[in-house]
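Presented below is the structure to which this report refers.
Residue numbers (this note's numbering): 5 to 88.
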């Protein structure tokens with residue numbers, strides 16, 4: 005499966021639903037809360053272990069499912085200055 009645009013949290017939730025996997029089931033399987041799974045999917049909480057587990061469930065490489073995290077070069081984005 006290839007994607008022309010970055011995968012969003014909604015895309016991940018949709019793919020999990022199509023596979024019949026709930027956030028509750030993922031949480032129980034990995035010993036965390038449902039809220040933790042939700043926060044990881046929305047990248048409000050960073051967890052390489054859970055990024056990889058969620059990616060495995062939806063059948064994608066973590067570098068595709070969570071590209072923002074895995075492709076981050078460690079630099080903060082620059083604020084664009086507007087010309088007045």
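Every residue gets a Cβ at the ideal spot worked out from N, C-alpha and C, and that includes glycine.
The stretch 63-72 and the stretch 25-33 do not touch, with fewer than 3 CB-CB distances between them shorter than 8 Å. Burial is judged here by how many other beta carbons sit within 10 angstroms of a residue's own beta carbon; residue 37 has fewer than 16 and is exposed. If only complete runs of 4 or more residues are kept, the stretch 17-69 shows the alpha helix (DSSP H) at 27-34, 38-45, 52-62, 66-69, in order along the chain. Within the same chain, Cβ atoms closer than 8 Å to the Cβ of residue 47 are found at 13, 70, 72, 73, the five residues on either side in sequence being excluded.
Straight-line spacing of the CA atoms in residue 20 and residue 31 works out to 13 Å.
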